[in-house]
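What follows is a short report on a single structure.
In my numbering, the protein residues as written are 13 to 206.
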């Protein structure tokens, strides 16, 4: 027996949208996005408190819908229930990721301080290295957490993009995008500083 009543055309339409999305119909995904993106964003904001984090959650949810819509079973529940369950999972993933990012940031700052404590022969070179480090750390601190996290994992810990995707629990494409965006913002923040 279907969980949809005959007098519930919106829910029947949403189930049909998922069938179309499973057939890679972008217009159907767009319609579902228009129905739920604002709600998911609002729910995520209550947990995450950051617009950028919420936008990432919304993108992750709809990317997952695009990839897994063929797994939706209308016999097990309504579309909105399924979408909100996906959103809840992505919000929890994001909260865990933020907790890991704080630990990684602390470790990378400690590593930078240890590196700066090594003395070289030339005190002028030491001063220049210290100044560069401070400028780079200041620019890094202005990046969104998810971009700073992947850049630090790549440059401070030497992880490949695939290793970062596995460790953080996001797709390889998302890692590449975050690194590209973060490096672009760093380039702008550092300007012509040399």
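We put the CB at the ideal spot given by N, CA and C, even for glycine.
By the 16-neighbour rule on beta-carbons within 10 angstroms, residue 54 is exposed.
By a beta-carbon distance limit of 8 Å, residue 198 does not contact residue 150. Their separation comes to about 11 Å.
Per DSSP, residue 171 lies in no alpha helix (DSSP H) and is assigned neither H nor E.
One thing to note: residue 74 has its Cβ within 9 Å of the Cβ of residue 41. Short of 8 Å from the beta carbon of residue 180, and not among the five residues preceding or following it, lie these beta carbons of its own chain, in chain order: 109, 112, 161, 162, 165, 187. In summary, residue 184 is exposed, with fewer than 16 beta-carbon neighbours lying within 10 Å of its beta-carbon over all protein chains present. Every alpha helix (DSSP H) stretch that sits fully inside the stretch 38-125 and reaches 4 residues is listed by chain position as 38-60, 63-80. By the Cβ neighbour-count rule, residue 200 is exposed, with fewer than 16 other Cβ atoms within 10 Å of its own. Contact holds between the stretch 69-88 and the stretch 24-33, because three or more Cβ pairs, one in each stretch, are under 8 Å apart.
The distance from the Cβ of residue 24 to that of residue 44 is about 14 Å, inconsistent with a contact at the 8 Å cut-off.
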